[in-house]
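So the structure is just underneath, and the comments pick up after that.
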Amino acid sequence: MVSMTQICIPVPTLEGIGELLSTVWQGTINAAKKHPYLTGLALVFWSYYPKFPFQVVFYPFKTLFVGVRWCFGFGRTGIRGASHASRYQSEHYGGYTPKDSLFARFQSYGATSESSLFEDNEESSFLWSLFGWGLFLAGGSILLIGKGTQN
Numbered sequence: 002m003v004s005m006t007q008i009c010i011p012v013p014t015l016e017g018i019g020e021l022l023s024t025v026w027q028g029t030i031n032a033a034k035k036h037p038y039l040t041g042l043a044l045v046f047w048s049y050y051p052k053f054p055f056q057v058v059f060y061p062f063k064t065l066f067v068g069v070r071w072c073f074g075f076g077r078t079g080i081r082g083a084s085h086a087s088r089y090q091s092e093h094y095g096g097y098t099p100k101d102s103l104f105a106r107f108q109s110y111g112a113t114s115e116s117s118l119f120e121d122n123e124e125s126s127f128l129w130s131l132f133g134w135g136l137f138l139a140g141g142s143i144l145l146i147g148k149g150t151q152n
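The sequence shown runs 2 to 152 under this note's numbering.
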């Protein structure tokens with residue numbers, strides 16, 4: 002007989018997420034008031050590469066996606082033989098894979114290099130540049146008026 006274990010995973014509500022973000026925001030504001038020069042310097046340094054914290058957060062998910070895709074058999078040189086992907090293709094599609102299917106999309110992702118899979122396009126680079134300038138201006142203004150905000 003197999004013993005079973007029940008696992009409960011709490012799912013946050015929108016109110017809980019809002020409360021968490023509010024707490025983080027207030028903590029950030031309080032830290033900026035206590036240490037305006039460090040905050041200003043951090044914002045100025047961040048402005049030189051504004052994507053960095055987002056890429057740090059996103060990297061584990063990207064790695065997980067690439068690893069799962071590889072485990073199923075979608076590789077750089079195509080679908081690997083004797084893999085889940087090759088069996089699924091032979092059983093469901095045979096010699097024809099519909100071009101708009103999820104299978105074709107994963108096949109395309111497999112052939113795409115990992116570095117270019119999540120690269121930004123030209124339209125979003127303007128937004129990152131704008132965000133970087135905003136960080137620079139905010140950091141610079143905090144550095145300039147920082148002495149007056151210290152308690």
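No residue lacks a Cβ here, since even glycine has one placed at the ideal position from N, Cα and C.
Coarse secondary structure for Ile10, derived from DSSP in three states = Stepping through the sequence shown from its first residue, residue 10 is reached at position 9. For Ile10, the three-state secondary structure derived from DSSP is coil.
Throw me the rounded Cβ distance for the Ile143 and Gly28 pair, which I believe falls under 8 Å.
-> By one-based count along the sequence shown, residue 143 stands at place 142. By one-based count along the sequence shown, residue 28 stands at place 27. The beta-carbon distance between Ile143 and Gly28, rounded to whole angstroms, is 17 Å. This is too long to meet the 8 Å contact definition.
Just grab the DSSP bridge partners of Ile80 for me.
-> Your numbering for residue 80 matches position 79 in the sequence shown. Per DSSP, Phe75.
Residue nearest to Gln108 in terms of C-alpha spacing, selected from Phe73, Trp134 and Phe132 | Position 107 of the sequence shown, counting from 1, holds the residue named residue 108. Minimum Cα distance to Gln108 is reached at Phe73.
Rounded straight-line distance, which links the Cα of His36 to that of Gly135 = Here residue 135 is taken as the residue at index 134 of the sequence shown, counted from 1. Here residue 36 is taken as the residue at index 35 of the sequence shown, counted from 1. Between the alpha carbons of Gly135 and His36 lies a gap of roughly 20 Å.
Write down the C-beta distance between Gly133 and Val45 rounded to the nearest angstrom, noting that I regard them as a contact closer than 8 Å.
-> The residue given as residue 133 occupies position 132 in the sequence shown. The residue given as residue 45 occupies position 44 in the sequence shown. Cβ atoms of Gly133 and Val45 stay farther apart than 8 Å, at about 10 Å.
In or out: Ala86 buried (at least 16 other Cβ within 10 Å) or exposed?
-> Counted from its first residue, the sequence shown places residue 86 at position 85. Classification of Ala86: buried, given that the 10 Å Cβ count is 16 or more.
Does DSSP put Thr113 in a helix, in a strand, or in coil?
-> Residue mapping note: residue 113 aligns to position 112 of the sequence shown, counting from 1. It is coil, neither helix nor strand.
Pick from Phe104, Thr14, Tyr38 and His93: whose alpha carbon is nearest that of Gly79?
-> Here residue 79 is taken as the residue at index 78 of the sequence shown, counted from 1. With distances taken between Cα atoms, Gly79 lies closest to Phe104.
Would you mind listing the alpha helix (DSSP H) stretches within the region 24-108 that are 4+ residues and don't spill past its ends, in chain order?
-> With a minimum length of 4 residues, the continuous alpha helix (DSSP H) runs that stay inside the region 24-108 are 37-49, 53-73 and 85-93.
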